[in-house]
Amino acid sequence: MRYLPLNKDDRTQMLSVIGVDSIDDLFETVPKAARLDGLIDLPTHKSEQSVEQFFQRLSNKSTPAGSVPFFCGAGAYKHHIPASVDHLIQRSEFLTAYTPYQPEISQGTLQTLFEFQTQVALLTGMEVANASMYDGSTACAEAVVMAHRVARGKKSKAILAPGLHPHYAAATQTLASTLSIKIDERECRMGRDDNVINHIDDDTSCVVVQSPNVFGEIVDLRPIAEKAHAHNALLIAVFTEPVALAAITPPGEQGADIVVGEGQGLGVGLAFGGPHVGLFACRQKLVRQMPGRVCGETVDANGDRGFVLTLSTREQHIRREKATSNICTNSGLCCLAFTIHMSLLGDAGIQKLATLNHEYACHLADVLDAIDGVSVENETFFNEFTVRLNKPAADVVQALADQGILGGVPLTRLAPDGDPNLLLVCATETSSEEDIAAFGSALTEILS
Amino acid sequence: MRYLPLNKDDRTQMLSVIGVDSIDDLFETVPKAARLDGLIDLPTHKSEQSVEQFFQRLSNKSTPAGSVPFFCGAGAYKHHIPASVDHLIQRSEFLTAYTPYQPEISQGTLQTLFEFQTQVALLTGMEVANASMYDGSTACAEAVVMAHRVARGKKSKAILAPGLHPHYAAATQTLASTLSIKIDERECRMGRDDNVINHIDDDTSCVVVQSPNVFGEIVDLRPIAEKAHAHNALLIAVFTEPVALAAITPPGEQGADIVVGEGQGLGVGLAFGGPHVGLFACRQKLVRQMPGRVCGETVDANGDRGFVLTLSTREQHIRREKATSNICTNSGLCCLAFTIHMSLLGDAGIQKLATLNHEYACHLADVLDAIDGVSVENETFFNEFTVRLNKPAADVVQALADQGILGGVPLTRLAPDGDPNLLLVCATETSSEEDIAAFGSALTEILS
Amino acid sequence: QAENLIFEVGTPERTGVDLPEPKGRPSRLGNHARQGQIGLPGLSEPETMRHYVRLSQKNYAIDLGVYPLGSCTMKHNPRLNEKVARMPGFADVHPLQPVSTAQGALEVMSVLSHWLMTLCNMPAVALTPKAGAHGELCGMMAIRARLDHDGASHKRRVLVPESAHGTNPATAVQCGFTVDEIPANAGGRVDMVALRAKLEGAGKDSDIAGIMLTNPNTCGLFESDILEIASLIHDAGGYFYCDGANFNALVGRVRPGDLGVDAMHINLHKTFSTPHGGGGPGSGPTVLSDALKDHAPVPYVVKTEDGGFDLVENPDEKSFGRMCAFHGNMGMYTRSLAYMMSHGSDGLKQATEDAVLNANYVQASLSDVMTTAFEGTCMHEALFDDRFLKGTGVETLDFAKAMIDEGYHPMTMYFPLVVHGAMLIEPTESESKGELDRFIQSMRSLALRAQAGMVESFKNAPVYAPLRRLDETQAARKPILRWTPPADVAEAAE
Amino acid sequence: QAENLIFEVGTPERTGVDLPEPKGRPSRLGNHARQGQIGLPGLSEPETMRHYVRLSQKNYAIDLGVYPLGSCTMKHNPRLNEKVARMPGFADVHPLQPVSTAQGALEVMSVLSHWLMTLCNMPAVALTPKAGAHGELCGMMAIRARLDHDGASHKRRVLVPESAHGTNPATAVQCGFTVDEIPANAGGRVDMVALRAKLEGAGKDSDIAGIMLTNPNTCGLFESDILEIASLIHDAGGYFYCDGANFNALVGRVRPGDLGVDAMHINLHKTFSTPHGGGGPGSGPTVLSDALKDHAPVPYVVKTEDGGFDLVENPDEKSFGRMCAFHGNMGMYTRSLAYMMSHGSDGLKQATEDAVLNANYVQASLSDVMTTAFEGTCMHEALFDDRFLKGTGVETLDFAKAMIDEGYHPMTMYFPLVVHGAMLIEPTESESKGELDRFIQSMRSLALRAQAGMVESFKNAPVYAPLRRLDETQAARKPILRWTPPADVAEAAE
């Protein structure tokens with residue numbers, strides 16, 4: 008076996024040092040009834056070549072986003088990732104390191120986390136950020152639990168605005184369901200979010216608002232923040248596309264207390280949904296209630312600057328049943344990828360990237376809106392928006408797929424009770440004019 | 008421009024430190040007539056995404072060996088390369104380092120070269136090896152020039168055996184043509200190599216024999232070595248497939264004085280012919296006449312073992328017009344790949360690999376020989392052999408290609424005057440039984 | 006050599022990404038356009054490359070040497086797995102594109118499920134949990150859902166050994182349970198007297214929801230009373246959650262399903278070697294027993310009649326719901342399946358045996374100069390306490406830092422809590438005998454040095470590391486969690 | 006920390022590659038089967054990975070810091086280029102598969118040729134040379150073929166400046182020419198008086214075959230008399246070979262074709278940034294003038310009438326033949342074309358300007374503490390001599406080794422030979438002003454330290470490197486070029 012360095016002689020010698028006769032002797036603490044004889048009924052070892060061929064064959068059975076005109080968004084976004092990002096994250100020193108518990112020999116990971124936290128804080132317009140969560144949806148759920156914790160049991164309700172990504176709402180429901188948090192989830196429908204404001208009361212610990220929301224509409228958070236703060240509730244702002252924040256007023260400037268979202272769009276690929284990277288930022292005063300890992304600056308014995316994991320008194324390995332959350336990993340390598348992509352872009356780069364995304368989306372909206380049987384529903388949008396079709400969107404998407412076009416996500420894929428004729432579409436810098444034209448003609452034909 | 012760190016402010020400041028007004032001032036030593044105004048007529052800079060798309064489009068216009076039943080050899084061989092090989096050679100420290108002229112900070116490259124030299128010596132059964140040449144064909148040409156040098160102008164003739172790869176013969180002709188070396192190239196034809204022996208005389212500086220030869224036939228080098236040595240000539244043994252040497256008696260054990268060959272088969276991909284890696288080994292006593300870079304063991308100021316480039320008194324940067332050759336690079340990264348692949352294989356691995364190659368080739372020979380209009384011409388072979396078809400091989404290969412099978416190399420592709428009905432075919436561990444069956448049926452159909 | 010932060014290197018107008026010029030179309034952002042600079046530094050590509058390559062060299066890694074972190078399982082990460090994970094049919098597929106266009110990815114999930122269920126002898130697996138702790142959540146949520154479904158919502162007490170990972174009690178609480186600790190006995194295992202006292206005769210209708218037990222436990226020992234524990238908990242109407250963090254000591258030799266386990270998460274990043282990546286991403290698929298499987302979260306893959314695959318994305322009334330957006334960490338599914346297929350049933354068993362052998366070899370080779378916490382052989386990790394350092398002035402932390410100067414990553418220290426000054430060493434099956442012998446030699450010489458009174462070299466350690474010991478107290482007291490422009494430094498230090 | 010050789014780590018039966026079991030078919034090897042062990046060590050995959058990762062960290066690299074090797078041009082290697090080179094339509098194509106199945110690869114060669122010819126304003130390019138020296142051979146072979154074709158086989162004398170790269174005279178000799186050295190003038194350029202003496206009035210029928218001239222030359226200076234040199238050599242019936250090693254100082258601003266050049270090789274690995282890889286592989290395409298283009302070697306790509314591409318693989322009577330098996334270094338074609346297309350005509354020009362600017366900035370910033378070899382501005386590299394070290398006891402070599410302790414790779418030293426104790430610094434366009442400022446600061450402090458008499462720190466250098474100074478004399482006197490098993494060590498040292 009190519010991965011196992013011991014050979015027969017080694018094993019014999021080692022057993023003799025241990026003072027046992029056979030490997031079986033090392034398993035004698037296992038009850039006899041539970042000891043397996045022979046091999047489990049699975050194939051035996053395979054060469055690298057044959058494993059590779061197996062996966063190649065399966066890979067060929069899926070349609071990669073990059074191989075066709077592609078317009079899916081709704082929480083995962085296709086962007087061009089510079090080759091150096093994937094090169095760097097594959098370096099042994101990053102890829103095969105553990106959580107940086109020994110800071111003296113983990114400054115590579117730690118300094119990167121510090122840069123990451125700063126980038127997230129800047130992008131969201133917030134004061135501090137943690138070192139990432141599993142993904143945007145779990146970050147959202149943890150934010151609601153955190154708000155509940157901040158309210159110290161005095162408030163029982165969390166309000167989810169109607170434009171929140173249904174998966175985020177569901178993940179939040181799940182996590183909150185076992186705690187005494189009442190989730191007031193507004194029906195997921197296209198439209199203005201004003202009505203959220205009317206549900207905020209003194210029993211509200213937080214209100215969760217996504218912008219751009221799942222329909223692509225940009226939401227003005229200011230009035231919601233005002234109302235929430237008046238009732239001593241927190242505004243949790245959510246986003247699913249980090250590139251959007253380079254184009255729109257960041258939630259931190261609109262009064263958000265916690266900002267959570269998905270970072271996948273930068274540095275991390277689609278990967279059929281994971282791993283992605285959850286971003287989590289909040290006001291400085293809330294930092295000790297913030298879940299997840301945090302990296303902080305300090306000095307070493309010589310007085311040189313260095314970085315360590317810190318604020319661990321909130322964490323499960325210290326606080327056990329009193330921890331802020333049970334989370335003990337972050338999305339380390341994805342947050343490295345995010346950080347490198349952000350570093351490459353810089354201020355000028357990400358703003359230009361955002362502008363291009365917006366322009367392609369505007370062009371796509373124009374093309375689609377001109378088709379009979381299609382109407383763009385958004386008043387505003389960044390790089391994705393919602394169209395109403397004259398047929399069920401799921402059928403149309405399947406028909407497009409049969410023609411080799413991945414033409415967006417039907418709302419019903421996310422919300423089975425949602426309007427069946429709504430389709431969420433997205434354009435990024437990877438959507439060429441030819442792709443958009445191909446989408447337009449195919450759609451015209453299918454709807455006619 | 009993403010690759011250029013200077014910005015406008017930097018440039019202005021730097022010009023002022025230099026004390027000139029503009030960048031043009033730095034080019035004032037260029038005659039006015041030769042100074043270009045404006046831009047050269049080529050496209051301006053492109054995004055990474057668009058460059059990648061350009062190459063992806065062209066890549067899709069070729070048929071990768073791995074995507075079809077594949078049976079080409081004749082000097083370049085498809086083997087499965089472990090993923091860790093390509094990972095390791097892409098490490099910045101290997102990939103972006105220069106020739107190890109400063110040994111204190113180049114031990115990574117140097118120790119690898121030392122391991123490489125040892126592996127090549129062991130595989131060829133020779134005493135010493137250099138740190139690689141451009142490829143097998145240039146190694147062959149350099150070996151002939153070296154033999155000429157060893158003869159100190161007292162011999163004028165080099166004999167090339169009939170089974171020598173025609174490209175190797177041509178590259179040797181080219182290099183020798185400007186020196187006073189008479190090349191006695193035997194006609195490239197299928198058959199026993201005995202006749203070479205009859206041409207060896209006292210004017211012969213060397214005889215160049217490939218085994219397995221370009222037809223796949225394994226040649227007994229012993230009688231040739233005997234005759235050559237009797238006339239004070241050197242036997243230069245050539246191979247094009249390093250894996251073969253794990254299966255057959257190495258040239259070093261058969262009396263070869265210089266062994267040269269192509270190392271591409273291990274660690275290095277096909278790459279449409281390059282870069283590949285030339286292997287070059289010789290007897291210890293000839294080492295100071297050996298061309299190319301050499302790495303040697305020594306100690307540092309503390310007495311610790313270390314490695315350096317050595318024997319540089321043979322080299323062009325010291326000897327200028329008296330150098331052993333004008334070569335000043337090796338095929339560094341390819342020889343790293345070769346070394347890593349060899350290290351992974353080890354003695355047991357490479358022997359098994361060789362056995363598998365041979366078995367697949369035997370199976371292929373049985374399948375093809377059973378087809379009407381096909382006869383296997385070889386008495387012996389390793390993983391490639393020659394078949395005679397009842398039609399011109401070039402047409403048959405094109406017909407196979409049209410059916411999605413890359414079915415070997417017509418002899419005329421290498422030797423335009425060669426027998427048009429001969430086809431060189433090869434099987435390796437990457438040739439599945441299904442591929443061989445598909446080849447067999449397609450060939451049956453085409454020839455019927 | 007210190008490496009500046011990117012914020013200290015970059016300038017706003019530079020960029021390492023070239024993009025075509027925008028056309029200046031009218032905006033449809035409404036009045037929401039961001040004003041002003043974001044504050045991100047601009048770096049060219051070569052500056053960025055160099056920054057992160059240099060930073061990387063300040064890390065230790067499994068590719069550089071022994072990384073004996075007990076309970077973390079730092080083993081070899083094959084690059085084949087990285088290669089297959091990057092194939093476009095997995096890496097470049099959108100989670101919401103039509104399932105007809107993602108059949109290969111779904112098939113990987115299906116085959117992976119088959120391997121996990123077979124290795125565990127369990128009838129179901131939920132793939133979506135994104136890490137071990139998320140898998141714990143999944144298992145405990147399923148238990149809670151089953152209890153609620155059975156109308157047993159008074160069953161809220163969960164037994165947790167005091168030596169458990171901190172995540173266990175944290176997870177139990179996050180699922181709305183109360184935690185009741187069970188002590189360990191002198192042999193490092195569950196104190197069966199105490200456990201029986203809690204459970205015997207409790208009856209199906211007790212308030213017991215279940216037990217969370219790590220096996221092998223955090224002392225590196227197999228819970229030899231596990232069959233009785235399972236039956237006691239089942240008799241009390243509770244469910245058996247097994248923390249699978251140490252499943253790598255059992256794969257191919259013991260199946261959790263044969264032990265009475267109702268739910269167990271599997272850390273793909275430990276047991277099946279998806280890279281730890283400096284702290285994630287992990288993946289924590291959770292196998293479930295017949296009793297729990299109907300309560301599994303969505304989404305999951307099902308086979309269709311035509312031999313294809315479909316996704317169930319909407320929960321029925323029994324499912325406890327959804328744990329995250331999309332379908333879990335596909336990138337870890339491909340890697341771990343490649344790992345499993347490469348080993349095969351024979352290789353996985355051999356890997357388990359080698360891991361246990363290596364740990365026992367280390368324990369046996371060090372037991373004369375260090376003090377083993379418990380008698381007898383261990384499973385995949387060797388646990389030492391700090392008795393051998395008594396009176397030397399050297400503490401476990403110092404010993405750990407001195408290992409850095411020997412060229413090693415320290416072992417896990419001060420865990421498990423049941424052992425004083427614990428040192429938990431897990432070599433894994435990836436270490437050769439040669440490497441282990443060198444490691445053992447280093448550990449021996451450190452132990453002897455400590456006992457010889459050379460305390461200073463321990464207190465000063467590490468010396469041969471990019472930095473000396475870091476002041477963690479200062480970091481926690483005045484947290485500086487982000488860079489701020491020099492003028493604002495005073496504020497940030499608040 | 007020393008890293009053992011693989012031969013000291015491995016054992017014969019271990020392997021890092023799994024293969025299916027052979028079936029035991031009868032052999033068709035005749036009586037040629039290899040007997041006994043080869044003697045290669047066996048290593049598992051994790052051992053192999055760790056060995057080479059550890060070894061790699063003993064290397065300096067452009068990704069780690071300034072690598073100011075004059076005339077070697079160590080610039081940023083974009084990873085995009087690595088990515089495109091690995092696309093299967095280029096990397097996994099056999100050189101002899103039917104050209105109809107390799108159209109994409111041939112198109113890359115065709116487009117690359119167009120870029121190179123356009124940048125040089127030359128009508129032809131031979132792509133196959135595998136490195137710079139191989140390109141020199143190509144150019145000189147073409148000149149010789151042309152001379153022979155014209156019946157001028159008495160023209161065998163080649164003029165070479167004494168400051169030329171050693172490869173130039175070596176190449177000339179390998180092509181059967183004799184070398185006639187031209188001295189340099191006080192300004193570091195070709196001594197025109199001496200040159201005119203050799204050439205004026207020589208006439209078309211002289212024995213002059215040509216001149217080999219590097220431009221900018223090895224002193225980093227543009228040969229400002231180049232137009233006259235070209236015309237003198239042409240008047241003498243010779244051809245102008247330009248060594249293109251320093252073409253990176255001209256790209257986009259000066260075209261060799263406008264200078265009267267007949268042949269010039271281009272180091273794709275220098276000018277167009279294919280990675281040096283620790284010593285290759287390189288690639289040395291050679292542009293040829295109208296006079297020489299018919300004598301180019303095979304193979305080359307031609308466009309077909311249907312818009313496709315074909316290969317000419319067999320030489321006609323004018324071609325000087327074939328230089329190597331197959332079609333040259335395809336892997337370098339893709340990388341360098343990706344580099345050129347990324348820069349575009351504007352970026353290539355800017356890169357040239359930045360390279361020249363950076364070199365002049367270094368020269369200007371150091372000229373008060375170090376001694377510049379020649380007055381005035383330089384092109385892409387700054388040349389210093391050792392006058393500033395006079396009397397300090399520190400030599401160029403010591404200075405270079407001290408740079409290692411400052412965290413830098415030394416500059417090129419003792420080259421060109423025309424300058425005493427030469428130090429040739431080429432920063433390239435890849436360095437930011439910040440990096441250059443730090444580098445300049447280090448160089449200044451070293452120079453001041455030397456002048457202050459702190460000679461010991463130079464003689465001992467390097468201290469902060471994986472090894473101290475190596476004994477190169479011993480290595481050359483008793484060459485040990487391979488590992489031998491311990492028992493045979495005595496023999497090997499012979």
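Residue numbers (this note's numbering), protein chains in the order written: chain A, 8 to 455; chain B, 8 to 455; chain C, 6 to 499; chain D, 6 to 499. We put the beta carbon where it would ideally sit given N, CA and C, even for glycine.
| Asked | Found |
| --- | --- |
| CB contact check: E366 (chain A) to chain B, cutoff 9 Å | no |
| Simplified DSSP assignment, three categories, for E8 (chain C) | coil |
| Proximal residues, the segment 40-57 of chain A versus chain B, C-beta separation under 7 Å | E55 and Q56 |
| Residues sharing a beta bridge with E304 (chain B), DSSP | B:F314 |
| Any chain B beta carbon closer than 9 Å to Y65 (chain D) | yes |
| Under 9 Å from the C-beta of S49 (chain C): neighbouring residues of chain D | H81, S435 and S437 |
| CB contact flag (I445 (chain C), S370 (chain C), <9 Å) | yes |
| 7 Å Cβ shell around L152 (chain C) - same chain, five flanking residues per side excluded | S158, K160 and A214 |
| Beta-bridge partners of K164 (chain A), as assigned by DSSP | A:K189 and A:T211 |
| Neighbour-count burial assignment, P471 (chain D), 16 or more Cβ in a 10 Å radius | buried |
| Own chain residues within Cβ distance below 7 Å of E52 (chain D), not counting five before or after | V14 |
| Cβ neighbour criterion (16 or more within 10 Å) applied to E499 (chain D) | The predicted model places E499 (chain D) with a pLDDT of 41, which falls under 50 and marks its position as unreliable; any figure quoted below should be read in that light. E499 (chain D) comes out exposed. |
| Coarse secondary structure for D295 (chain C), derived from DSSP in three states | coil |
| V92 (chain A) (DSSP reduced to helix, strand or coil) | helix |
| For F389 (chain B), the three-state DSSP class (helix, strand or coil) | coil |
| CA nearest to the CA of G80 (chain A), picked from A:G272, A:A377, A:R156 and A:P298 | A:G272 |
| Interface partners of L85 (chain C) on chain B, CB under 9 Å | P89, A90 and S91 |
| Beta-carbon proximity check, I458 (chain A) vs E431 (chain C), cutoff 9 Å | Outside the shown range of chain A, which is 8 to 455, sits residue 458 (chain A), and nothing can be said about it. |
| Extent of the continuous beta strand (DSSP E) to which C433 (chain A) belongs | L429 to C433 |
| CA-to-CA distance, E440 (chain D) to I190 (chain A), given in whole angstroms | 54 Å |
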